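Colleague: The structure's right below; bear with me while I get my questions together.
Protein chains: 2
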Amino acid sequence: MRRDVFQGIADPTRRALLGRLTKEKLNLTSVAESFDISRQSVTKHLRILIECGLVTEQKEGREKYFKAQPEKLSEVAAWMEQYRMFLSKSYDRLDDYLKTLQTKKPKNHEQRKSQSRNKRK
Amino acid sequence: MRRDVFQGIADPTRRALLGRLTKEKLNLTSVAESFDISRQSVTKHLRILIECGLVTEQKEGREKYFKAQPEKLSEVAAWMEQYRMFLSKSYDRLDDYLKTLQTKKPKNHEQRKSQSRNKRK
DNA sequence: TATATTTGCACCCATACGGTTGCATTTACA
DNA sequence: TGTAAATGCAACCGTATGGGTGCAAATATA
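The structure is reproduced here in structure tokens:
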């Protein structure tokens, strides 16, 4: 079974998961509550992300925490290098925009274990 | 059926197709001969690439020519921007490179019809 | 210790993927 | 006009995806 980074980011839910787990390390139920799919489904997506190296897991007591390894995306960046001359202006503009934000580091904000048990519904 | 650029590049064969069709415009049989899978399989991959905008087709007589639209990859580049601070040096160089180009438009270079019917074997 | 929380395990389901083969259709060309 | 080449169409196959449910096991906590 092929399991590379390109396949990891192929699914929109997984891209969202990656975004979420880049901002903060979360345990399974916490992250599952942010998404409209079942915990089991989240587990499967996470497994794929782990298998392709975009996420790592770490057990703490009975909980299992997940966090992103966004450096792995450099494989995608490397592949895209060959197409750099085709990338558009909009890309440059976005790039400039993001440059203004560059000082803010992705801090893991407040919640840790606290809430995370506010079931929706 | 989800059909975006991320899914387009998820498969290694499709990435290879994209590379091939970026270098030159080719008709179906020509491109199929470069790959170790059947013509039908190539057709299916091309259909996916077309549906997500990474390739365009153009009929000429009884032949159908395909060429890449690598500019579409800027959607991927845009998404990756948010992870720029995690990417390695090489990617930053890409970024610098792009900045120097800001005026140049992505031009489609030389080869057009010429070869493309040189059967191997 | 009893109970609640978190995760894991084992299925189930429909559909998409990646590949194939066989045959039909269209179009050049000798 | 007949034949060969290029493509299209349809069906099939095994496995992966993306989703679900139910229940067991492990571990906190009242």
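Protein chains in written order, with our numbering: chain A, 1 to 121; chain S, 1001 to 1121.
Here a beta-carbon is modelled for each residue, glycine too, at the ideal position from N, C-alpha and C.
Note that the structure is a prediction, hence the values are computed from the model and not measured.
Flag F35 of chain A as yes if its beta-carbon sits less than 7 Å from any beta-carbon of chain S, otherwise no.
Modeller: No, because no Cβ of chain S sits closer than 7 Å to the Cβ of F35 of chain A.
Colleague: Does the beta carbon of I9 of chain A sit closer than 7 Å to a beta carbon anywhere in chain S?
Modeller: So, interface residue.
Colleague: Between the segment 50-63 of chain A and the segment 1064-1076 of chain S, can you find at least three pairs of beta-carbon atoms closer than 8 Å?
Modeller: With a cut-off of 8 Å, the segment 50-63 of chain A and the segment 1064-1076 of chain S do not count as touching, because too few Cβ pairs lie within range.
Colleague: What number of angstroms, rounded off, separates the C-alpha of D4 of chain A from the C-alpha of Y1065 of chain S?
Modeller: So the alpha carbons of these two residues sit roughly 30 Å apart.
Colleague: Ignore the nearest five residues each way along the sequence and tell me which others in A16 of chain A's own chain have a CB closer than 8 Å to its CB.
Modeller: Here the set comprises F35.
Colleague: Run down chain A in chain order and give the residues with a C-beta less than 8 Å from the C-beta of Y1083 of chain S.
Modeller: The answer, in chain order, is T22, P70 and L73.
Colleague: Is A1078 of chain S near the ligand SAM - that is, is its Cβ less than 6 Å away from at least one heavy atom of it?
Modeller: Absence of the ligand SAM from the depicted structure is noted, as is the absence of any ligand whatsoever, leaving it without description.
Colleague: With C-beta atoms as the reference, is A1010 of chain S less than 7 Å away from Q7 of chain A?
Modeller: Yes, Cβ-Cβ distance for A1010 of chain S and Q7 of chain A is below 7 Å.
Colleague: By the criterion of Cβ-Cβ separation under 9 Å, what are the contact partners of F6 of chain A in chain S?
Modeller: The answer, in chain order, is F1006, I1009, A1010, D1011, P1012 and R1015.
Colleague: From which residue to which residue does the beta strand (DSSP E) around Q58 of chain A run?
Modeller: Unbroken beta strand (DSSP E) run through Q58 of chain A: V55 to E60.
Colleague: Looking at the secondary structure, which residues open and close the alpha helix (DSSP H) in which K25 of chain A lies?
Modeller: Element bounds for K25 of chain A: n/a, residue is neither H nor E.
Colleague: Looking at V1055 of chain S and L1049 of chain S, is the spacing between their C-beta atoms short of 7 Å?
Modeller: The answer is yes: Cβ separation under 7 Å.
Colleague: Does the CB of L1046 of chain S have a neighbour CB from chain A at under 7 Å?
Modeller: No, no contact with chain A.
Colleague: Would you mind telling me which residues of chain A sit closer than 8 Å to Y1076 of chain S, beta carbon to beta carbon, in chain order?
Modeller: According to the sequence displayed, residue 1076 of chain S carries Val and not Tyr. Per Cβ cutoff of 8 Å: V76 and M80.
Colleague: Should S1038 of chain S be labelled buried (16 or more other beta-carbon atoms within 10 Å of its own) or exposed?
Modeller: Exposed, by the Cβ-count rule.
Colleague: Under 8 Å by Cβ, that's how I've got R1020 of chain S and L1028 of chain S pegged, so tell me the actual separation to the nearest angstrom.
Modeller: Incorrect: roughly 12 Å between the Cβ atoms, too far for contact.
Colleague: Give the secondary structure of A1068 of chain S by DSSP, where H, G and I count as helix, E and B as strand, and everything else as coil.
Modeller: Looking at A1068 of chain S - three-state DSSP - the assignment turns out to be strand.
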